[in-house]
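Number of protein chains: 2
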Amino acid sequence: MAAKKAIVLLSGGMDSATCLAIALHEGYVIYTLSFRYGQRHEVELECARRLADRCGARHRVVDIDLRAFGGSALTDDIEVPKERVPDSESLNNQIVEGFSNDDIPITYVPARNTIFLSFALAWAEVLAADDIFIGVNALDYSGYPDCRPEYIDAFQKMADLATKAGVEGRRRIKIHTPLIKMTKAEIVTRGLELRVDYSMTISCYDPTPGGVACGRCDACRLRLKGFSEAGAQDPVPYQQGTGRDAGST
Amino acid sequence: MAAKKAIVLLSGGMDSATCLAIALHEGYVIYTLSFRYGQRHEVELECARRLADRCGARHRVVDIDLRAFGGSALTDDIEVPKERVPDSESLNNQIVEGFSNDDIPITYVPARNTIFLSFALAWAEVLAADDIFIGVNALDYSGYPDCRPEYIDAFQKMADLATKAGVEGRRRIKIHTPLIKMTKAEIVTRGLELRVDYSMTISCYDPTPGGVACGRCDACRLRLKGFSEAGAQDPVPYQQGTGRDAGST
Chain U
9 MAAKKAIVLL
19 SGGMDSATCL
29 AIALHEGYVI
39 YTLSFRYGQR
49 HEVELECARR
59 LADRCGARHR
69 VVDIDLRAFG
79 GSALTDDIEV
89 PKERVPDSES
99 LNNQIVEGFS
109 NDDIPITYVP
119 ARNTIFLSFA
129 LAWAEVLAAD
139 DIFIGVNALD
149 YSGYPDCRPE
159 YIDAFQKMAD
169 LATKAGVEGR
179 RRIKIHTPLI
189 KMTKAEIVTR
199 GLELRVDYSM
209 TISCYDPTPG
219 GVACGRCDAC
229 RLRLKGFSEA
239 GAQDPVPYQQ
249 GTGRDAGST
Chain V
9 MAAKKAIVLL
19 SGGMDSATCL
29 AIALHEGYVI
39 YTLSFRYGQR
49 HEVELECARR
59 LADRCGARHR
69 VVDIDLRAFG
79 GSALTDDIEV
89 PKERVPDSES
99 LNNQIVEGFS
109 NDDIPITYVP
119 ARNTIFLSFA
129 LAWAEVLAAD
139 DIFIGVNALD
149 YSGYPDCRPE
159 YIDAFQKMAD
169 LATKAGVEGR
179 RRIKIHTPLI
189 KMTKAEIVTR
199 GLELRVDYSM
209 TISCYDPTPG
219 GVACGRCDAC
229 RLRLKGFSEA
239 GAQDPVPYQQ
249 GTGRDAGST
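If you're matching them up, the sequences are chains U and V in order.
FYI, my numbering numbers position 48 of the first sequence as 56, with every residue one higher than the one before it.
FYI, my numbering numbers position 101 of the second sequence as 109, with every residue one higher than the one before it.
As structure tokens, then:
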């Protein structure tokens, strides 16, 4: 029997790189999908391409112009907030008690995961792939509504009705979220077990043009906290005076 | 109080033009959204622009490359099927009894409405618009899974969980489908009441480069049947030997 195909949404960050490694480990033939959506941190697309090449995946980059709509510090000319301190305790409470209103940051891109998953669904249907992997994480995350388990469940139900395959009862395209309940430290630990080369990833929302992480945005701080708690060292460079030092305080 | 904003998905066909007229009639400030997705019938984008201009809507065209995935006669180099006879009786049965497997045609574009609605959702969130109109029709339609009421309901549930506004309980972005249970004849009748100028629309899947409808594809035949049953004349030109004559048999 031929190996099953899976589409992996690949941003080039540590979560999606780990998610890719998990899908590979499960034996899928991998098709990776990235988006050029006017993000400030386009260097991540280069990371995605390299990660895809390394595992022999068929890689596609879809251009979408979310920037036409505006509305996020990641795509607009709004300054990315720095030195917010992600509070693991309160984040953990949120996931238990439901979503807190207060903490959806300006870096939220409207309907981003909905758009990304919709494209993945289209490609899955064309490829006759039954599986989509997305590295969303509801625990040590930045407070986006479209990273929560109840959102993913609702997307799954919608997808079951949206596709020819689903309607014909032939098959269901399943959305896999292997990281959704993991801490950043657990993600790092699992990734290192699976030999993810994290030096090939970038998580920063606001890197230098050369791809050096700022060490101070939410994404950097969550990443550094994850490495620190996993007892590992983050192999990517950070701008001076930030990064590892900041993360370990 | 300021008028409410609505986003109207506007393909340039008769259904979306009628849907636009209904939203206007309901008093919304209109934002129209079209997609360039590698469709063979790009002349419809010009129709959409003119329809939007005419009602003073703010119009956006989003480029998406569904063609990169392939899988449909509308985007691939596959011949559009002609002379399929849409059978209103069996279509009506489908909507009552659930969806029939046999009739999803090659012109189906994978996950198209899911992608389109996802972009509309993003724009609605940025504009703080509470309403999205889409002219899907489950009765005299071409058998696409993502035109059915149960699909739209599932998209709505997903959207309620996907957006910042929904999560914050501030508001719900509602998907309106005013045409979903109308026959093509009812759509034409309602549109004519609202003074839709159908000469500005195009429905054909395979028009000439100059925008003349083939008169033989599913979309043309359903349209002609609708006009015929509404006792009205379709003002758009058709290729010789097709069109009105074919539709009235």
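Quick reminder that beta carbons are idealized off the backbone N, C-alpha and C, glycines included.
Since residue i and residue j should fall inside the 8 angstroms C-beta cutoff, what is the C-beta to C-beta distance between them, to a whole number of angstroms?
{"i": "V/Leu59", "j": "V/Leu18", "result": "6 angstroms"}
{"i": "U/Ser24", "j": "U/Gly143", "result": "4 angstroms"}
{"i": "V/Met166", "j": "U/Phe127", "result": "With 8 angstroms as the limit, V/Met166 and U/Phe127 do not qualify as a contact, their Cβ atoms being about 15 angstroms apart."}
{"i": "V/Leu202", "j": "V/Ile38", "result": "With 8 angstroms as the limit, V/Leu202 and V/Ile38 do not qualify as a contact, their Cβ atoms being about 13 angstroms apart."}
{"i": "V/Phe124", "j": "V/Cys27", "result": "So it is not a contact: roughly 13 angstroms between Cβ atoms."}
{"i": "V/Lys192", "j": "V/Lys233", "result": "6 angstroms"}
{"i": "U/Pro153", "j": "V/Leu169", "result": "7 angstroms"}
{"i": "U/Glu50", "j": "U/Arg44", "result": "7 angstroms"}
{"i": "V/Met22", "j": "V/Arg231", "result": "6 angstroms"}
{"i": "U/Thr216", "j": "U/Gln248", "result": "At roughly 11 angstroms, the Cβ-Cβ gap does not stay under 8 angstroms, so U/Thr216 and U/Gln248 are not in contact."}
{"i": "U/Ile72", "j": "V/Ile72", "result": "6 angstroms"}
{"i": "V/Ser42", "j": "V/Ala56", "result": "4 angstroms"}
Taking 7 angstroms as the line, does the beta carbon of residue i fall inside it for any heavy atom of the ligand SAM?
{"i": "V/Ala60", "result": "Among the components modelled here there is no ligand, and therefore nothing to report on the ligand SAM."}
DSSP on residue i, reduced to helix/strand/coil?
{"i": "U/Leu187", "result": "coil"}
{"i": "U/Ile181", "result": "coil"}
{"i": "U/Lys13", "result": "strand"}
{"i": "V/Asp161", "result": "helix"}
{"i": "V/Val37", "result": "strand"}
{"i": "U/Tyr45", "result": "coil"}
{"i": "U/Asp226", "result": "helix"}
{"i": "V/Phe124", "result": "helix"}
{"i": "V/Tyr246", "result": "strand"}
{"i": "V/Val196", "result": "helix"}
{"i": "U/Asp154", "result": "helix"}
{"i": "U/Arg203", "result": "coil"}
{"i": "V/Ile210", "result": "coil"}
{"i": "V/Val144", "result": "coil"}
{"i": "V/Asp138", "result": "coil"}
{"i": "U/Ala221", "result": "strand"}
{"i": "V/Asp71", "result": "strand"}
{"i": "U/Ala25", "result": "helix"}
{"i": "U/Ser108", "result": "Because the pLDDT of U/Ser108 is 34, which lies under 50, any placement of that residue in the model is unreliable, and the number read from its coordinates should be weighed accordingly. The answer is coil: DSSP assigns U/Ser108 none of H, G, I, E or B."}
Starting from the beta carbon of residue i, find every residue of chain U whose beta carbon is closer than 9 angstroms, and list them in chain order.
{"i": "V/Met22", "result": "The premise fails here: V/Met22 is roughly 24 angstroms from chain U at the closest Cβ pair, so nothing lies under 9 angstroms."}
Under a CB-based cut-off of 8 angstroms, is residue i close to chain U?
{"i": "V/Phe127", "result": "yes"}
{"i": "V/Ala14", "result": "no"}
{"i": "V/Tyr159", "result": "yes"}
Taking C-beta pairs closer than 8 angstroms, name the residues in chain U that residue i reaches, listed in chain order.
{"i": "V/Ile38", "result": "What V/Ile38 touches in chain U: nothing, since even the nearest Cβ is about 16 angstroms away."}
{"i": "V/Thr122", "result": "Ser126, Leu129, Ala130, Met166, Ala167 and Ala170"}
So, does the CB of residue i fall closer than 8 angstroms to a CB anywhere in chain V?
{"i": "U/Leu169", "result": "yes"}
{"i": "U/Asp73", "result": "yes"}
{"i": "U/Lys172", "result": "yes"}
{"i": "U/Ala162", "result": "yes"}
Give the interface partners of residue i over in chain V, defined as CB-CB distance under 7 angstroms, in chain order.
{"i": "U/Phe77", "result": "Ala130, Trp131 and Val134"}
Taking Cβ-Cβ distances shorter than 7 angstroms, what residues in chain U pair up with residue i?
{"i": "V/Ala119", "result": "Ser126, Leu129, Ala130, Glu133, Ala170 and Thr171"}
Under 8 angstroms, with one C-beta from each stretch per pair, do the region 181-190 of chain U and the region 222-231 of chain U reach the 3-pair mark?
no
Would you check if the region 200-211 of chain U and the region 153-162 of chain U touch, i.e. whether three or more CB-CB distances between them fall below 8 angstroms?
no
Using 8 angstroms as the cut-off, can you tell me whether the region 134-141 of chain U makes contact with the region 127-141 of chain V, which would need three or more C-beta pairs spanning the two stretches below that distance?
no
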